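Numbering (my numbering), first residue to last: 2 to 63. Below: one structure, written as structure tokens.
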Ligand SMILES: [Zn+2]
């Protein structure tokens with residue numbers, strides 16, 4: 002279990018990162034805000050892909 006201090010986007014509380022047989026998730030200890038790690042990972046990879054294409058294009062043009 003990993004703890005992110007003051008990482009909650011809703012209440013700035015402490016968020017724990019935990020994984021079990023059902024998968025990985027982030028949960029706020031203060032307000033119960035729950036984020037499934039699967040959703041975070043899919044969203045993050047999408048941003049990385051778009052940025053990578055833009056960076057590669059600008060490099061080729063320059
Ligand atoms: Zn919270």
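Don't be surprised by glycine CBs; every beta carbon is placed ideally from N, CA and C. What you are looking at is a predicted structure, and each value in this text was computed from that prediction instead of being measured.
Point to revise | Euclidean distance between Cα positions of residue 12 and residue 35 | key: For residue 12 and residue 35, the gap between their C-alpha atoms comes out near 12 Å.
Review point. Under the three-state reduction of DSSP, which class applies to residue 15: helix, strand or coil?
Key: In the structure shown, residue 15 sits in coil (DSSP, three-state: anything other than H, G, I, E or B).
Exercise for review: Assuming residue 2 contacts residue 17 (C-beta within less than 8 Å), just tell me the rounded distance between them.
Suggested key: Yes, they are in contact, since the Cβ atoms of residue 2 and residue 17 sit about 6 Å apart, within 8 Å.
Review point. Given residue 28, which residues of its chain have a CB within under 8 Å of its CB, disregarding the five upstream and five downstream residues?
Key: In the same chain as residue 28, and ignoring 5 residues on each side of it, the C-beta atoms closer than 8 Å to its own belong to 16, 17, 19, 34, 35 and 36, in chain order.
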